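**Student:** Read in order, the letters of the sequence shown correspond to residues 1 to 93 in full-length UniProt numbering.
Once you've had a glance at the structure underneath, I'll fire off some questions.
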Amino acid sequence: MRLFDPANRTRTPRHARIWAVWEILYTVVDFAAAFLFIIGSVFFFYASLTYTGTWMFLIGSICFALKPTIRLVRELQYLAIGDVDDVAARLRE
């Protein structure tokens, strides 16, 4: 099994469930990053909120950094269960 192969998500029902869980998390993080950047931008219009806006930008940036991390963890999880599935298939033969 190759990393980041689109066919990985449909190999087994277990793969599909893993894909769905991580995709939901990815989408939540994506929306959080967008929300934090939009609100942070609005806060920069007011001098009294600039400090808070800066923190929102930082947290939003961390969310953007989490996105590729989420995808990598999902792929590594595929690899981990792929090995188990391959070994189990060999034992059945």
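No residue lacks a Cβ here, since even glycine has one placed at the ideal position from N, Cα and C.
Bear in mind the structure is a predicted one, so any value in this text is a computation, not a measurement.
(1) Count Cβ pairs between the segment 10-19 and the segment 55-63 that sit closer than 8 Å; are there 3 or more?
(2) Comparing alpha-carbon positions, which option in A80, G82, A32 and R71 lies nearest V21?
(3) Need the endpoints of the alpha helix (DSSP H) that Y26 sits in, please.
(4) With a threshold of 16 other CB atoms inside 10 Å of the CB of Y78, please say whether the residue is buried or exposed.
(5) Three-state secondary structure (DSSP) at F57?
(6) Where does R74 sit, in a helix, a strand or coil, going by DSSP?
(7) Please go through the same chain and pick out, in chain order, the residues whose beta-carbon is closer than 7 Å to the beta-carbon of T52, but skip the five residues on each side of it.
**Tutor:** Here's the rundown:
(1) no
(2) R71
(3) P13 to F43
(4) buried
(5) helix
(6) helix
(7) F43
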